[in-house]
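A.B. asks: Before we start, here is the structure in question, set down as structure tokens.
2 protein chains.
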Amino acid sequence: MRLPHHLERLSVPEKLVQAMTYSLKAGGKRIRPALLLATIRSFEKPIESGLDVACAIEMIHTYSLIHDDLPAMDDDDIRRGKPTNHKIFGEALAILAGDALLTYSFELVAQIKNQDVTAEQKLLLIQEIAKAAGPEGMVGGQVADMEGENKSLTLEELIYIHHHKTGDLLTASIVAGAIIAGAAEDDIANLRMFAKELGLMFQIKDDILDVEGDPETIGKPIGSDDGNNKSTYPNLLGLEGAKKMLNEHMTQAKEYLYRVNMNHQLLLTLTNYVAERDH
Amino acid sequence: MRLPHHLERLSVPEKLVQAMTYSLKAGGKRIRPALLLATIRSFEKPIESGLDVACAIEMIHTYSLIHDDLPAMDDDDIRRGKPTNHKIFGEALAILAGDALLTYSFELVAQIKNQDVTAEQKLLLIQEIAKAAGPEGMVGGQVADMEGENKSLTLEELIYIHHHKTGDLLTASIVAGAIIAGAAEDDIANLRMFAKELGLMFQIKDDILDVEGDPETIGKPIGSDDGNNKSTYPNLLGLEGAKKMLNEHMTQAKEYLYRVNMNHQLLLTLTNYVAERDH
Numbered sequence: 003m004r005l006p007h008h009l010e011r012l013s014v015p016e017k018l019v020q021a022m023t024y025s026l027k028a029g030g031k032r033i034r035p036a037l038l039l040a041t042i043r044s045f046e047k048p049i050e051s052g053l054d055v056a057c058a059i060e061m062i063h064t065y066s067l068i069h070d071d072l073p074a075m076d077d078d079d080i081r082r083g084k085p086t087n088h089k090i091f092g093e094a095l096a097i098l099a100g101d102a103l104l105t106y107s108f109e110l111v112a113q114i115k116n117q118d119v120t121a122e123q124k125l126l127l128i129q130e131i132a133k134a135a136g137p138e139g140m141v142g143g144q145v146a147d148m149e150g151e152n153k154s155l156t157l158e159e160l161i162y163i164h165h166h167k168t169g170d171l172l173t174a175s176i177v178a179g180a181i182i183a184g185a186a187e188d189d190i191a192n193l194r195m196f197a198k199e200l201g202l203m204f205q206i207k208d209d210i211l212d213v214e215g216d217p218e219t220i221g222k223p224i225g226s227d228d229g230n231n232k233s234t235y236p237n238l239l240g241l242e243g244a245k246k247m248l249n250e251h252m253t254q255a256k257e258y259l260y261r262v263n264m265n266h267q268l269l270l271t272l273t274n275y276v277a278e279r280d281h
Numbered sequence: 003m004r005l006p007h008h009l010e011r012l013s014v015p016e017k018l019v020q021a022m023t024y025s026l027k028a029g030g031k032r033i034r035p036a037l038l039l040a041t042i043r044s045f046e047k048p049i050e051s052g053l054d055v056a057c058a059i060e061m062i063h064t065y066s067l068i069h070d071d072l073p074a075m076d077d078d079d080i081r082r083g084k085p086t087n088h089k090i091f092g093e094a095l096a097i098l099a100g101d102a103l104l105t106y107s108f109e110l111v112a113q114i115k116n117q118d119v120t121a122e123q124k125l126l127l128i129q130e131i132a133k134a135a136g137p138e139g140m141v142g143g144q145v146a147d148m149e150g151e152n153k154s155l156t157l158e159e160l161i162y163i164h165h166h167k168t169g170d171l172l173t174a175s176i177v178a179g180a181i182i183a184g185a186a187e188d189d190i191a192n193l194r195m196f197a198k199e200l201g202l203m204f205q206i207k208d209d210i211l212d213v214e215g216d217p218e219t220i221g222k223p224i225g226s227d228d229g230n231n232k233s234t235y236p237n238l239l240g241l242e243g244a245k246k247m248l249n250e251h252m253t254q255a256k257e258y259l260y261r262v263n264m265n266h267q268l269l270l271t272l273t274n275y276v277a278e279r280d281h
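Protein chains in written order, with my numbering: chain A, 3 to 281; chain B, 3 to 281.
In structure tokens:
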């Protein structure tokens with residue numbers, strides 16, 4: 003993974019670089035970079051052209067986790083089996099490390115050196131990513147999630163939250179790959195629909211794992227969502243109902259995927275992985 | 003000011019828009035937008051071409067104030083004579099409103115509709131602004147500032163902090179105006195030096211006002227920096243020494259400015275305003 007490389011080049015206070023790299027290196031599934039690079043590969047283009055943007059999106063995902071874990075937000079001490087950022091570096095530095103990762107991600111996309119990516123494409127990438135991460139996307143979803151805490155949500159409200167809180171950045175990863183690969187507008191539109199389904203699958207599966215997963219494998223206490231009185235798919239639909247919904251969205255996702263003029267194998271494998279993963 | 007207009011168009015949770023607009027509307031000197039638009043005007047280009055970027059930079063400035071005021075950071079209850087964002091909306095929403103303003107600012111710059119601004123220029127603007135706001139710029143300066151709290155700094159360390167914490171975004175405002183106006187590279191380089199001097203003047207003047215200003219006019223308690231045991235220019239140089247330093251940097255600023263091939267009047271007026279303002 004190229005993530006730390008970018009940061010070590012920066013001339014910034016050492017503590018800040020440490021706080022930024024700590025969470026970037028803390029592991030995680032790297033599902034967003036994987037989706038972006040897989041999309042490029044599926045159009046039979048070289049994945050090197052997407053590495054900077056993949057890093058940028060992972061930085062945005064990481065910043066969102068750092069801020070979500072803060073005492074004022076979810077107040078989590080453990081993330082991916084390790085102490086959360088503010089437990090190591092303190093709240094102030096955790097807030098700033100998140101701010102720095104978010105800001106730097108846009109610098110990274112704006113300065114891609116790749117000659118195959120035109121200036122217009124870079125601007126499209128920035129728009130796509132900023133919209134997915136900002137008030138209409140991930141941040142908006144997080145606010146809706148907070149507002150829904152400790153009250154029971156309808157299935158529709160839950161889906162709305164997840165589309166924005168986690169779905170939009172997953173979608174942006176796939177759409178960004180398609181933009182970099184120079185995909186046609188129709189293909190981008192179908193991939194966007196595919197990605198929305200995949201994002202929902204991802205969240206339903208997360209909720210299912212929280213009920214029946216192995217705490218050592220998933221890296222957080224089982225039932226921690228339940229303890230917060232959160233609305234989850236298993237809570238709303240029962241465990242079997244949630245699994246059925248997961249399968250329905252997997253079928254739908256694959257239908258959109260097959261409409262895209264690309265080699266489908268990689269994204270099919272990733273789709274199956276999202277449904278079948280054990281952490 | 004066009005700020006709220008942009009936000010009201012967004013489809014986002016109402017509370018989030020309220021928290022974002024509260025701080026944007028809370029007043030402030032709008033010095034960054036003023037510098038950007040004044041720079042465009044000084045090249046005799048229409049200022050309309052810079053309005054979106056001016057808004058974006060003011061959003062970034064506002065996000066930085068919201069996060070700086072948080073209990074984990076400076077823990078300020080009052081800003082510009084009004085309760086700070088987290089006092090009204092709570093910490094979680096204040097963090098997210100800051101995140102949203104920062105993210106949306108890049109979307110705004112990437113999607114400028116103005117045909118006079120090329121895609122390459124938009125990318126330059128995003129790079130300039132992201133670098134100024136990110137780990138090598140404003141956020142890095144804030145971390146250095148935190149690390150310097152409660153210990154005495156040398157004048158050099160204090161200048162380093164201010165160059166990044168406040169100077170870089172002021173510089174980006176002026177450089178952004180020059181980029182939008184299509185200025186020559188030499189002119190941009192001299193304006194960058196001018197802006198660095200101006201940014202320093204701005205901070206020295208802030209410190210002076212904190213010692214001798216009228217609390218009702220400046221909107222925060224007099225001596226609040228002093229109470230935090232912060233290193234300031236008056237603390238290091240005495241009040242008269244700080245005033246002398248302010249004048250020296252004003253002279254230097256004007257020297258750089260006169261080298262730029264533009265109408266100097268507006269930026270001269272703004273330079274004098276920074277030195278002479280009473281809040």
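Glycine is no exception: its CB is placed at the ideal position from the N, C-alpha and C atoms.
(1) Over what stretch of residues does the alpha helix (DSSP H) that includes residue 135 of chain A continue unbroken?
(2) Going by DSSP, what residue range makes up the alpha helix (DSSP H) through residue 63 of chain B?
(3) Thinking C-beta only, is residue 131 of chain B closer than 9 Å to residue 33 of chain B?
(4) Around the C-beta of residue 229 of chain A, are 16 or more other C-beta atoms found within 10 angstroms, so that it is buried, or is it exposed?
(5) Alpha carbon to alpha carbon, how far is residue 141 of chain A from residue 166 of chain A? Give it in angstroms, no decimals.
(6) Counting contacts by CB-CB distance shorter than 9 Å, is residue 89 of chain B in contact with chain A?
(7) Closer than 9 Å, CB to CB, is residue 17 of chain B near chain A or not?
(8) List the whole-angstrom C-beta distance separating residue 94 of chain B from residue 74 of chain A, where the pair is believed to meet the contact cut-off of C-beta under 8 Å.
(9) Pull up the DSSP beta-bridge partners for residue 85 of chain A, would you.
(10) Quick one: which chain A residues come within Cβ less than 7 Å of residue 112 of chain B?
(11) Could you work out which residues of chain B lie near residue 52 of chain A, taking near to mean beta carbons separated by less than 8 Å?
(12) Could you tell me the alpha carbon to alpha carbon distance between residue 96 of chain A and residue 81 of chain A, rounded to whole angstroms?
(13) Our contact map puts residue 282 of chain B next to residue 38 of chain B with C-beta atoms below 8 Å; I'd like the distance itself, whole angstroms only.
(14) Which residues in chain B sit within 7 Å of residue 144 of chain A, going by Cβ to Cβ distance?
(15) Below 7 Å between beta carbons is the criterion; list the residues of the segment 152 to 169 of chain A that meet it against any residue of chain B, in chain order.
(16) Tell me, please, whether the segment 109 to 125 of chain A touches the segment 151 to 170 of chain A by the rule of three or more beta-carbon pairs shorter than 8 Å.
(17) Taking buried to mean at least 16 other C-beta atoms within 10 Å of its own C-beta, is residue 188 of chain B buried or exposed?
(18) Would residue 118 of chain A pass as an interface residue toward chain B - the criterion being a Cβ-Cβ separation below 9 Å?
(19) Kindly indicate if chain B contains any beta-carbon less than 9 Å away from that of residue 184 of chain A.
(20) On the DSSP letters alone, give me the boundaries of the alpha helix (DSSP H) that residue 252 of chain B sits inside.
(21) So, with DSSP's three-state summary, where would you put residue 25 of chain A?
(22) With a 10 Å radius around its C-beta and 16 neighbouring C-beta atoms as the bar for buried, classify residue 273 of chain A as buried or exposed.
(23) Residues of chain B with CB closer than 9 Å to the CB of residue 203 of chain A, please, in chain order.
(24) Is the shortest distance between the beta-carbon of residue 137 of chain A and the beta-carbons of chain B less than 9 Å?
(25) Using only the alpha-carbon positions, how far apart do residue 210 of chain B and residue 194 of chain B sit?
(26) Between the Cα of residue 161 of chain B and those of B:100, B:234, B:266, B:135, spot the shortest distance and give me the residue it belongs to.
(27) If we count the other Cβ atoms within 10 Å of its Cβ and call it buried at 16 or more, is residue 120 of chain A buried or exposed?
(28) Residue 203 of chain A lies in the alpha helix (DSSP H); which residues open and close that run?
(29) Provide the residue span of the alpha helix (DSSP H) that contains residue 170 of chain B, from first to last.
(30) Between residue 93 of chain A and chain B, is there a C-beta pair that is closer than 9 Å?
(31) How is residue 74 of chain B classed by DSSP in three states: helix, strand or coil?
(32) Quick check on residue 26 of chain B - is its C-beta less than 9 Å from some C-beta in chain A?
(33) Comparing the C-beta of residue 56 of chain B with each C-beta of chain A, is any distance below 9 Å?
(34) Going along the chain, which residues of its own chain have a beta-carbon closer than 8 Å to the beta-carbon of residue 207 of chain B, five neighbours each way excluded?
C.D. replies: Quick answer:
(1) First-last of the alpha helix (DSSP H) with residue 135 of chain A: 121 to 135.
(2) First-last of the alpha helix (DSSP H) with residue 63 of chain B: 53 to 71.
(3) No.
(4) Its pLDDT being 48, under 50, residue 229 of chain A is placed unreliably in this model, and the value from its coordinates should be taken loosely. Answer is exposed; the Cβ neighbour count stays below 16.
(5) Residue 166 of chain A and residue 141 of chain A have their C-alpha atoms some 8 Å from each other.
(6) The Cβ of residue 89 of chain B sits no closer than 9 Å to any Cβ of chain A.
(7) Taking Cβ atoms only, chain A reaches closer than 9 Å to residue 17 of chain B, which makes this a yes.
(8) Residue 94 of chain B to residue 74 of chain A, Cβ: 5 Å. Contact.
(9) Under DSSP, the beta-bridge partners assigned to residue 85 of chain A are A:80.
(10) Those within 7 Å of residue 112 of chain B in chain A are 125, 128, 129, 132.
(11) Going along chain B, no residue has its Cβ under 8 Å from residue 52 of chain A, so there is no contact; the nearest lies around 17 Å.
(12) Approximately 14 Å between the Cα atoms of the pair.
(13) As displayed, chain B neither begins before 3 nor continues past 281, which places residue 282 of chain B out of reach and without an answer.
(14) The contacting residues are 98.
(15) Within the segment 152 to 169 of chain A, not one residue has a Cβ closer than 7 Å to any Cβ of chain B.
(16) The count of Cβ pairs closer than 8 Å, one atom from the segment 109 to 125 of chain A and one from the segment 151 to 170 of chain A, stays below three, leaving the stretches out of contact.
(17) Classification of residue 188 of chain B: exposed, given that the 10 Å Cβ count is below 16.
(18) No, no contact with chain B.
(19) Taking a beta-carbon distance threshold of 9 Å, residue 184 of chain A does not count as an interface residue toward chain B.
(20) In the DSSP assignment, residue 252 of chain B falls within the alpha helix (DSSP H) that extends over 235 to 260.
(21) Three-state result, residue 25 of chain A: helix.
(22) When all chains shown are included, residue 273 of chain A counts as buried.
(23) Ordered by position in chain B, no residue passes the 9 Å Cβ test against residue 203 of chain A, which lies about 24 Å from the chain.
(24) Judged by the 9 Å Cβ criterion, residue 137 of chain A is in contact with chain B.
(25) Straight-line Cα distance between these residues: approximately 24 Å.
(26) Per the Cα distances, B:234.
(27) When all chains shown are included, residue 120 of chain A counts as exposed.
(28) Per DSSP, the continuous alpha helix (DSSP H) segment holding residue 203 of chain A begins and ends at 187 to 214.
(29) Its alpha helix (DSSP H) spans residues 170 to 182.
(30) Yes - at least one Cβ of chain B is within 9 Å of the one on residue 93 of chain A.
(31) Here residue 74 of chain B sits in coil by DSSP.
(32) By this cut-off, residue 26 of chain B is not an interface position.
(33) Chain A, which has no Cβ nearer than 9 Å to the Cβ of residue 56 of chain B, makes this no.
(34) Apart from the 5 residues on each side of it in sequence, residue 207 of chain B sits with its Cβ closer than 8 Å to the Cβ of 248, 276, 277, 279 in its chain, given in chain order.
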